[in-house]
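Everything on this sheet refers to the single structure shown next.
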Amino acid sequence: MSYKQKKVTQNSFSLLAPAKLNLFLHITGRRDDGYHLLQSMMVFVDVGDELRFAPYDGLFIDIDGEFSTDLATPHDNLVYRAALLLGEEYNIKPHGAISLRKNLPIASGIGGGSSDAAATLLGLVKLWGLPDEPARLHRVAQKLGADVPACLMRKPVWAEGIGEKVTTLPDMPGMHFVLLNPMTPTPTPHVFKRFRERHSAPLQFTGRRKTIQEWIADLKIYRNDLTDAANELSPLIKPALQSIAETPNCHFARLSGSGATCFGLYDHADAARAAANKLRQKHPNWWVAQATLLK
Ligand code: C5P
């Protein structure tokens, strides 16, 4: 039987690889190996890439979707690396048919690749019938990238270390967003290279439950310390932030991760939808999405 014939089976299932937003991102230091120490509140939203898993004897990965052509070959991405690493960890020959629908722009600060890698680990744990071992999976995730452990959580987290030390934030209030990307890839290593080592003082994280008003008041005074470095690389970031900030009912506009995706925060879905429509009209060639917090 050919792969295509086998592809649609009753045992296949899908997983969303949700986009990640850094509601703030403070760089607090640098390790001897060059990696930066940070503090960030990372959240996930209901837009993302989609992965479909089906049983298959070999390892087969195919990619489609709006941004699939921006990726190198299927075997040169984090989905493939995640499958190999998980196979190594459990001493299993990596197998399965994985279809990745790439809906998120690449190298865009919203964790597309990291979230794909995390969803691959979660999907293959299910497909291969592996035990539920979160600490072991976290260790594998860490080898794939600093953000990948957080992407396994798919819930609001407080992140420290180089991003890998994550604490879940329960009881987050509902939040709505608009995402705007001026379609200029900003690879993370290039942004960190331009970052001038001015470090933020570490915040004391208490984990205390806060109302939406308290969160917004806090978040407004926090920053994304990579904004200037990212804007040097992609000078459309500042105009994008300005466009979002001008939409009605926007609490604040900020860069996510190393960019170039920027986001605005709103109380209500209606306000985020209206903002998305406005931004689509104003920037017809940019990527715009409306999104809701995953809790
Ligand atoms: O871990 P990841 O592959 O996402 O990181 C890409 C690059 O970003 C690293 O090679 C490093 O140059 C930079 N980085 C950093 N500090 C972090 C995360 C990433 O300097 N906390």
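Under the working numbering, think of the first position of the sequence shown as 783, with each following residue one higher.
Glycine included, C-beta positions come from ideal geometry on N, C-alpha and C.
With DSSP run on the structure shown, which of helix, strand or coil describes residue i?
i, result
"P967", "coil"
"Q1072", "strand"
"R990", "coil"
"A1061", "Per the sequence shown, the amino acid found at residue 1061 is Leu instead of Ala. Helix, per DSSP."
"R834", "strand"
"M783", "With a pLDDT of only 42 at M783, under 50, the local geometry of the prediction cannot be trusted, and the value read off the model is given with reservation. It is coil, neither helix nor strand."
"K947", "strand"
"H1050", "coil"
"K788", "For K788, the pLDDT reaches just 48, beneath the cut-off of 50, and the residue's location in the model is therefore unreliable, although a value from the coordinates is still provided. Helix at K788."
"A1035", "strand"
"K802", "strand"
"L1015", "helix"
"R812", "strand"
"F974", "helix"
Output the distance between the C-alpha atoms of residue i and residue j, rounded to the nearest integer angstrom.
i, j, result
"S896", "F987", "25 Å"
"P745", "E979", "Residue 745 lies beyond the residue range present for the chain, which begins at 783 and ends at 1077; the question has no answer from this structure."
"R883", "A1011", "30 Å"
"I838", "R918", "The question names Ile, but residue 838 in the sequence shown is Tyr. Approximately 24 Å between the Cα atoms of the pair."
"R813", "H981", "12 Å"
"S850", "N885", "8 Å"
"F1086", "R976", "Given that the chain is displayed from residue 783 to residue 1077, the structure contains no residue 1086 and the question cannot be resolved."
"V829", "G816", "32 Å"
"T993", "A941", "20 Å"
"V907", "A889", "27 Å"
"P964", "K1002", "23 Å"
"H818", "F842", "35 Å"
"G911", "D831", "23 Å"
"D1089", "E870", "Residue 1089 falls outside the range modelled here, since the chain spans only 783 to 1077, and no answer is possible."
Compare the C-alpha of residue i against each of the options and name the closest.
i, options, result
"E946", "L1075, L820, T1074", "L820"
"Y862", "F826, P971, T902", "T902"
"G927", "D844, V825, P971", "P971"
"H1065", "N1031, Q1024, R1036", "Q1024"
"L1018", "F826, E942, C933, A1042", "A1042"
"I944", "L951, M954, A932, T950", "A932"
"L909", "T810, W1068, N1013, S796", "S796"
"P967", "L1015, E832, L1001, T993", "L1015"
"N1031", "K1077, W997, V960, W1068", "V960"
"L833", "A900, N873, L853", "A900"
"P969", "L985, G989, P887", "P887"
If I measure Cβ to Cβ from residue i and keep anything under 7 Å in the same chain, skipping five residues before and after, which residues do I get?
i, result
"L866", "P876"
"A1051", "H958, T1074"
"D929", "K802, G893, S896, G945"
"P955", "T993, I994, W997"
"Q787", "Any reading at Q787 needs caution, since the residue's pLDDT is 47, under 50, leaving its predicted position unreliable; the model's value is listed next. Here the set comprises nothing."
Looking only at its chain, what residues have a beta carbon closer than 6 Å to the beta carbon of residue i, apart from the 5 residues adjacent to it on each side?
i, result
"H808", "Q821, S982, D1007"
"G891", "S1038, G1039, S1040, G1041, T1043"
"Y1004", "F806"
"N804", "S822, M824, S1038, G1039"
"F1070", "Before going further, note that residue 1070 is Val rather than Phe in the sequence given. Within the same chain, V1070 has close Cβ partners L962, A1058, L1061, R1062."
"A1022", "L962, P964, C1044"
Give a yes or no on whether 7 Å exceeds the smallest Cβ distance from residue i to chain B.
i, result
"K975", "Protein chain content of the structure displayed is limited to a single chain, and chain B is not contained in it."
Ignore the nearest five residues each way along the sequence and tell me which others in residue i's own chain have a CB closer than 8 Å to its CB.
i, result
"I1026", "V960, L962, C1032, A1035, C1044, F1045, G1046, A1057, L1061"
"F974", "H818, L1008, A1011, S1040"
"Y872", "W910, L912"
Would you check whether the ligand NAD has a heavy atom nearer than 6 Å to the C-beta of residue i?
i, result
"T902", "Summarising the ligand content, the structure contains the ligand C5P and does not contain the ligand NAD."
Output the residue ranges of the beta strand (DSSP E) runs that lie fully inside the region 856-941 and measure 3 residues or longer, sorted by chain position. Every beta strand (DSSP E) of 3 residues or more that sits fully in the region 856-941 is shown, in chain order, as 878-883.
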